[in-house]
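Residue numbers (the numbering used here), protein chains in the order written: chain V, 36 to 460; chain H, 449 to 762.
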């Protein structure tokens, strides 16, 4: 009897537990479903040539996810970033994104950093009609015309032209008006595109091209190139370069002495603390593009708070301590996606894409509206001049005054010191 | 022992791969599979010259790129289909192999290896200055629709790469078990002695460079449709040279199966590393495994297994 009694008790106990578990399961099911994260997947350059920028971009995106989750997530669900290192290799992209979509089941994809890793992403996004947010791609959608692509670099609907517009606008206003120009750049993807635009501008603004040359990206000594340019005696020198060549060209220009009126334009690398502190006062007088500088006229809601948080973490993370170039924009491109999801109250790719296409967004990089080709509807490439740079202290670049905005007029914060040699004194 | 792989074995593998794609499932398997299969072709190709003949080639990327750029030119000029691109890529890279072989096979050892490395640098400089194929900035292409039997390009490219891998391995099998293979082995062991014994060394070495180059080029031909961007930095990546050398070394260089084992092991490890731990460990994995094998098992996995069996049979 005792055995029966025990069995009966045990059975009742088991049934009770089962019922309890089922009841709890039923009660928790909606909560668990509601708590299922919205996954955003991407590959990012965490190693390879663009790793420095890729890591900074990732940090900014993680800051956005933190901010959103603190406020309760998107549509009441937490946001989760799922990412892999694309090693700055386009060939790694198809595998990574297929894994993200088919195995990790992400809800949205955004691109990694740079034109070359965005290009292989198009067939995958187009095959499945996905929203594709792009991070600093140069004219990726020119041929494909994919309607769900949105790119955050503010180079405008015609990136090749938008990139150098400011340099030529500023030059054309100087007195006496410059007459001749030298164009030089690395034989690589970005410089090639930038020089195409610069040539067109030179023609439109009536500058005579006296030098138009390319150099291999592996070039070490830039003195012969600068000497060749000097021999043509140009008024303006437009340079489209990547960070290693940017440093080499500026140093060579200092050594050789370049008696030109304006120098710079499309030099990548001068936006980062590493080159700014390395070159120091050699930068004075250089006119170059920027997307954000801490000038009083370029003050968007939330940008200062973002930069303060970013800069506090940057040193420990080993990324650019200023964070003026990629980080605010990598925060903004997921910010836009998040705003579109909230506004449409949907994870439907078509609805979200249509919303992004039709609306303007308030982001930490200002108001963003996209053109039909997915680029910014209006270019906002800033043309700045380095002024008053002294020594190699990074703190001076965190404040206003070392990179004054010359163009566009809406953001202008100072005047050009003209010619180049005057600014160097 | 049969000296050739029956055609039906190759066809059987391809049909099985095709049927596998009909099962559906996630496409990641096809991309990961493509990555590993591509290295089976490259490692097998490298082994024909490096393993069977003993001439170490550091210029894998040059031949791979020849295949990729031949395909790109055909896409741009004629919108050629993938099978046409593969045949043309094989011919172009094979001819390059023949030419390079003719020019460099008087060099031996490290001098030959340096010459092949130089070939990569020269070709990269040439395409970087060739505007038609995008120059240094590269060129994006738009893929046409996948063939009717396939749901997408992922499945199509996977099956194509299965075919190329199976055909490459079958060719390597044939070479190994034929008079040609014995001649190549004689060259590897002692070229002077082989010459004295009447082995037509120059002809055989030219055959090896041509076949090796041809197969490496074939591996590169689907690249434009796989990545949809062809730019010198990607196509001439050091990864191809390092992996295609490391895989046969790890698997074993004296038989056709060595490169296959090496490619499957290392390729899978790299693919897994890419989507699990940080993929910066990819080449580190290759390096560590390579050093370990060179020190502990210089004959590769195949040699290790043979040694173990040999000991047991004693």
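Built from N, CA and C at the ideal position, the CB exists for glycine as well.
In terms of beta-carbon proximity, residue 126 of chain V lines the interface with chain H, with at least one pair separated by less than 7 Å. The shortest C-alpha to C-alpha distance from residue 581 of chain H to any of H:749, H:524, H:724 is the one to H:524.
Membership of residue 105 of chain V in the alpha helix (DSSP H) is indicated by the continuous run 86-105. Taking C-beta separations shorter than 6 Å and ignoring five residues to either side along the sequence, the partners of residue 209 of chain V in its chain run 453, following chain order. Proximity of the region 505-518 of chain H to the region 661-672 of chain H meets the contact definition, three or more beta-carbon pairs being nearer than 8 Å. Listed along the chain, the chain H residues whose CB falls inside 7 Å of the CB of residue 351 of chain V amount to none; the nearest CB is some 18 Å away. Under the 7 Å criterion on CB atoms, residue 279 of chain V is classed as non-interfacial with respect to chain H. Contact between residue 284 of chain V and residue 335 of chain V does not hold, since their C-beta atoms are separated by about 31 Å, which reaches or exceeds 8 Å. With the rule of 3 Cβ pairs closer than 8 Å, the region 527-541 of chain H does not count as touching the region 561-570 of chain H. For residue 739 of chain H, the closest alpha carbon among the candidates H:623, H:695, H:464 is that of H:695. Along the region 176-209 of chain V, the positions whose C-beta sits under 8 Å from a C-beta of chain H are 178, 179, read in chain order.
Contact annotation: residue 446 of chain V and residue 332 of chain V have beta-carbon atoms nearer than 7 Å. Chain H has no Cβ within less than 7 Å of the Cβ of residue 235 of chain V. For residue 674 of chain H, the neighbours in chain V by C-beta distance under 8 Å run, in chain order, 126, 129. With a threshold of 7 Å between beta carbons, residue 576 of chain H makes contact with chain V. For residue 144 of chain V, the three-state secondary structure derived from DSSP is strand. With distances taken between CA atoms, residue 159 of chain V lies nearest to H:600 out of H:553, H:745, H:600. Beta-bridge analysis with DSSP links residue 395 of chain V to V:404. With respect to chain V, the C-beta atom of residue 757 of chain H has no partner C-beta closer than 7 Å.
Unbroken beta strand (DSSP E) stretches of 3 residues or longer found wholly inside the region 161-235 of chain V: 167-170, 184-186, 215-221, given in chain order.
Proximity of chain V to residue 590 of chain H at the Cβ level (cut-off 7 Å) is accounted for by 178, 179, in chain order. In the three-state reduction of the DSSP assignment, residue 238 of chain V falls in the helix class, which pools H, G and I. The shortest CA-to-CA distance from residue 72 of chain V to any of V:310, V:303, V:103, V:396 is the one to V:103. Secondary structure of residue 322 of chain V (DSSP, three-state): strand.
The beta carbon of residue 152 of chain V sits closer than 6 Å to the beta carbons of 121, 125, 128 from its chain, once the five residues preceding and following it are set aside; these are given in chain order. Just measuring C-alpha positions, the residue of H:586, H:620, H:493, H:477 sitting nearest residue 682 of chain H is H:586. One thing to note: residue 287 of chain V has its Cβ within 7 Å of the Cβ of residue 261 of chain V. Within chain V, the C-beta atoms nearer than 7 Å to that of residue 583 of chain H come from 222, 227, in chain order. Within 9 Å of the CB of residue 259 of chain V, no CB atom of chain H is found; the nearest one sits about 18 Å away.
In the DSSP annotation of this structure, the continuous segment of the beta strand (DSSP E) that includes residue 417 of chain V starts and ends at 417-421. One Cα belongs to residue 644 of chain H, the other to residue 625 of chain H, and the distance between them is close to 22 Å. Looking at the DSSP output, residue 411 of chain V sits in a beta bridge with V:405. Think of a sphere of 7 Å around the beta carbon of residue 154 of chain V: the chain H residues whose beta carbon falls inside it are 588, 676, 677, in chain order.
Secondary structure note for residue 444 of chain V: it is in no alpha helix (DSSP H), with a DSSP letter that is neither H nor E.
Going by DSSP, residue 599 of chain H is part of no beta strand (DSSP E) at all; its letter is neither H nor E. Near chain V, meaning a CB-to-CB distance below 7 Å, the residues of the region 469-485 of chain H are 474, 475, 476, 479, 480, 483.
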